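Asks: Would you mind keeping the following structure in view while I ask a few things?
Protein chains: 2
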Amino acid sequence: MPPEKDNPRAWDKSHYHLACVEDAVAKAHQICSEKGVRLTPTRLRILELIWRSHKPIGAYALLDEIKLEHKSAAPPTVYRALDFLIEHGLVHRIQSLNAFVGCNDPGHVYSGIILICNDCGDVLEMDDAKISETIALYTNNLGFQLSSQSIEANGTCPGCRG
Amino acid sequence: MPPEKDNPRAWDKSHYHLACVEDAVAKAHQICSEKGVRLTPTRLRILELIWRSHKPIGAYALLDEIKLEHKSAAPPTVYRALDFLIEHGLVHRIQSLNAFVGCNDPGHVYSGIILICNDCGDVLEMDDAKISETIALYTNNLGFQLSSQSIEANGTCPGCRG
DNA sequence: TTTATCACCGTTATAATGTTACATTTTTTA
DNA sequence: TAAAAAATGTAACATTATAACGGTGATAAA
Numbered sequence: 000m001p002p003e004k005d006n007p008r009a010w011d012k013s014h015y016h017l018a019c020v021e022d023a024v025a026k027a028h029q030i031c032s033e034k035g036v037r038l039t040p041t042r043l044r045i046l047e048l049i050w051r052s053h054k055p056i057g058a059y060a061l062l063d064e065i066k067l068e069h070k071s072a073a074p075p076t077v078y079r080a081l082d083f084l085i086e087h088g089l090v091h092r093i094q095s096l097n098a099f100v101g102c103n104d105p106g107h108v109y110s111g112i113i114l115i116c117n118d119c120g121d122v123l124e125m126d127d128a129k130i131s132e133t134i135a136l137y138t139n140n141l142g143f144q145l146s147s148q149s150i151e152a153n154g155t156c157p158g159c160r161g
Numbered sequence: 000m001p002p003e004k005d006n007p008r009a010w011d012k013s014h015y016h017l018a019c020v021e022d023a024v025a026k027a028h029q030i031c032s033e034k035g036v037r038l039t040p041t042r043l044r045i046l047e048l049i050w051r052s053h054k055p056i057g058a059y060a061l062l063d064e065i066k067l068e069h070k071s072a073a074p075p076t077v078y079r080a081l082d083f084l085i086e087h088g089l090v091h092r093i094q095s096l097n098a099f100v101g102c103n104d105p106g107h108v109y110s111g112i113i114l115i116c117n118d119c120g121d122v123l124e125m126d127d128a129k130i131s132e133t134i135a136l137y138t139n140n141l142g143f144q145l146s147s148q149s150i151e152a153n154g155t156c157p158g159c160r161g
């Protein structure tokens with residue numbers, strides 16, 4: 000992770016579907032209820048911690064935080080919750096950082112493109128059907144049956160370009 | 000990594016620029032010479048090992064192999080060589096697998112899209128300017144200065160669809 | 001020719017990330 | 001309520017990656 004620079008207006012997130020932890024929690028309850036799966040206290044807590052961190056957060060950072068209130072927590076505690084949250088589209092894993100962010104539009108993802116600022120470390124999720132359709136088209140022409148994709152872009156965010 | 004299935008004709012790679020280890024080594028020598036950087040014996044050996052593995056290979060698997068001939072090798076031996084090879088575009092890192100593959104078209108990359116077969120574990124590199132241009136366009140409209148990107152797609156390759 | 005520098009490598013240790021396996025508890029289902 | 005399934009606790013371990021420091025050999029500067 001780059002030098003910690005705090006840049007609260009790194010990008011314009013005004014179009015985001017979820018503006019705060021509370022929104023994310025409400026949406027998560029709704030989605031889990033619709034799917035008939037259980038948003039247990041640990042899962043909920045991990046989701047909240049991810050949303051309260053306004054940057055991608057790693058599994059062991061989550062573990063440190065959750066240990067403060069839940070002394071017996073261990074790596075599987077965190078990884079199981081993350082698996083659940085990712086499986087149900089509530090959280091994205093950022094492969095290039097081994098870190099996690101809340102999904103901005105759960106239950107409605109075409110293709111999540113993750114933009115990562117190399118200066119401040121903040122992330123923007125960009126959903127675009129066109130790009131994922133293009134990739135699906137190209138891969139289908141090769142006879143490849145696409146099941147998932149991950150697009151991560153590195154660069155400098157508007158806030159850090161100054 | 001999925002169950003080991005050996006599927007030598009998983010995809011049509013007839014369009015690949017580099018067909019074998021020897022091609023890859025020759026091209027690497029050429030590129031390093033043009034850039035004035037040193038393709039030392041260890042770097043060359045790691046590149047060969049990556050190309051001889053016809054699947055993505057992890058750093059510690061490379062370490063095991065190189066230890067057979069070079070008893071004193073340790074993790075930094077491998078990671079330093081990998082850093083070099085990646086920096087000069089000779090090797091790609093596959094983020095979702097923590098593994099490495101030879102770049103099929105070094106010195107001429109628009110956007111390497113990595114297709115990963117979930118059944119046989121083999122990988123195809125697809126270079127396409129259009130997709131990377133589309134992403135560049137979209138991110139630019141957000142004021143994001145793009146420096147690099149990684150696109151990985153999971154699914155089933157033609158060979159494994161049967 | 002000495003001395004400084006630099007890139008590369010050897011070596012040891014350790015950090016960071018992620019998983020297995022099995023026991024226990026809680027919740028749901030029959 | 002009893003059986004089954006889902007979730008969690010717990011300890012140990014596996015995998016991936018980096019830090020730190022010293023040595024070596026080539027090249028450049030004094």
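If you read the protein sequences in the order shown, they are chains G and H.
Residues 0 to 161, numbered by numbering that gives the first Met the number 0, are exactly what the first sequence covers, in order.
Residues 0 to 161, numbered by numbering that gives the first Met the number 0, are exactly what the second sequence covers, in order.
Where is the CB? At the ideal position from N, CA and C, for every residue including glycine.
Remember, it's a predicted structure, so these values are computed and weren't measured experimentally.
1) Is it right to say Asp11 of chain G is buried, meaning 16 or more other beta carbons lie within 10 angstroms of its own, or is it exposed?
2) Can we say the region 136–150 of chain G touches the region 118–133 of chain H, given the rule of at least three CB pairs closer than 8 Å?
3) Pull out every residue of the region 53–83 of chain H whose Cβ sits closer than 9 Å to any Cβ of chain G, in chain order.
4) Residues of the region 109–129 of chain G in Cβ contact with chain H at a cutoff of 9 Å, in chain order, please.
5) State the CB to CB distance for the pair Asn153 of chain H and His16 of chain H, rounded to an integer number of angstroms; the pair is presumed to be in contact (CB under 8 Å).
6) How about Ala25 of chain G and Gly57 of chain G: do their beta carbons lie closer than 9 Å?
7) Buried or exposed: where does Leu61 of chain G fall if 16 or more other Cβ atoms within 10 Å of its Cβ makes it buried?
8) CB-CB under 6 Å to Lys54 of chain H, same chain, minus the five flanking residues each way: which ones, in chain order?
9) Under a CB-based cut-off of 9 Å, is Ile85 of chain H close to chain G?
10) Please name the residue, chosen from G:Tyr78, G:Pro40, G:Ile93, G:His91, that lies closest to Glu195 of chain G on a Cα-to-Cα basis.
11) Given that a residue counts as buried once 16 or more other Cβ atoms are within 10 Å of its Cβ, and exposed if not, what is Gly101 of chain G?
12) Cβ of Ser146 of chain G less than 9 Å from any chain H Cβ?
13) Less than 9 Å separating the beta-carbons of Leu114 of chain G and Leu89 of chain H?
14) Quick check on Asn103 of chain G - is its C-beta less than 9 Å from some C-beta in chain H?
15) Could you round the C-beta distance between Leu46 of chain H and Ala27 of chain H to whole angstroms and report it? I think they count as a contact, below 8 Å.
16) With DSSP as the reference, label Leu145 of chain H as helix, strand or coil.
17) What number of angstroms, rounded off, separates the C-alpha of Leu38 of chain G from the C-alpha of Cys31 of chain G?
18) By DSSP, does Thr133 of chain G sit in helix, in strand, or in coil?
19) Label Val77 of chain H either buried or exposed according to how many other C-beta atoms from any shown protein chain fall within 10 Å of its C-beta, with 16 as the threshold for buried.
20) Tell me, please, whether the CB atom of Arg44 of chain H is closer than 9 Å to any CB atom in chain G?
Replies: So, from the listed chains and residues:
1) Taking the first residue of the first sequence as 1, we reach residue 11 of chain G at position 12. Burial call: exposed.
2) yes
3) none
4) Ile112, Leu114, Cys116, Asn117, Leu123, Met125, Asp127, Lys129
5) The residue given as residue 153 of chain H occupies position 154 in the second sequence. The residue given as residue 16 of chain H occupies position 17 in the second sequence. Between His16 of chain H and Asn153 of chain H the Cβ distance is about 24 Å, and since that is not below 8 Å, they are no contact.
6) Here residue 25 of chain G is taken as the residue at index 26 of the first sequence, counted from 1. Here residue 57 of chain G is taken as the residue at index 58 of the first sequence, counted from 1. Against a cut-off of 9 Å, the Cβ pair of Gly57 of chain G and Ala25 of chain G comes out as no contact.
7) Within the first sequence, residue 61 of chain G is the residue found at index 62, counting from 1. With 16 or more Cβ atoms within 10 Å of its Cβ, Leu61 of chain G is classed as buried.
8) The sequence position of residue 54 of chain H within the second sequence is 55, counting from 1. Gly120, Asp121, listed in sequence order.
9) By one-based count along the second sequence, residue 85 of chain H stands at place 86. So no, Ile85 of chain H is outside the interface.
10) Because chain G spans 0 through 161 in this model, residue 195 of chain G falls outside it and cannot be assessed.
11) Mapped onto the first sequence, residue 101 of chain G falls at position 102. Gly101 of chain G should be labelled buried.
12) On the first sequence, residue 146 of chain G is found 147 positions in, with the first residue counted as 1. Chain H contact via Cβ: present.
13) Residue mapping note: residue 114 of chain G aligns to position 115 of the first sequence, counting from 1. Residue mapping note: residue 89 of chain H aligns to position 90 of the second sequence, counting from 1. Against a cut-off of 9 Å, the Cβ pair of Leu89 of chain H and Leu114 of chain G comes out as no contact.
14) On the first sequence, position 104 is the one that residue 103 of chain G refers to. No, its Cβ sits nowhere closer than 9 Å to a Cβ of chain H.
15) The residue you call residue 46 of chain H lines up with position 47 of the second sequence. The residue you call residue 27 of chain H lines up with position 28 of the second sequence. Contact holds; Cβ gap of about 6 Å.
16) Here residue 145 of chain H corresponds to residue number 146 of the second sequence, with the count starting at 1. Here Leu145 of chain H sits in strand by DSSP.
17) Taking the first sequence and counting its residues from 1, the one referred to as residue 38 of chain G is at position 39. Taking the first sequence and counting its residues from 1, the one referred to as residue 31 of chain G is at position 32. One C-alpha to the other measures close to 6 Å.
18) Position 134 of the first sequence, counted from the start, is the residue given in the question as residue 133 of chain G. Thr133 of chain G: helix per DSSP, three-state reduction.
19) For this step, residue 77 of chain H is matched to residue 78 along the second sequence. Buried.
20) The residue labelled residue 44 of chain H in the question sits at position 45 within the second sequence. No, Arg44 of chain H lies away from the interface with chain G (no Cβ there is under 9 Å from its Cβ).
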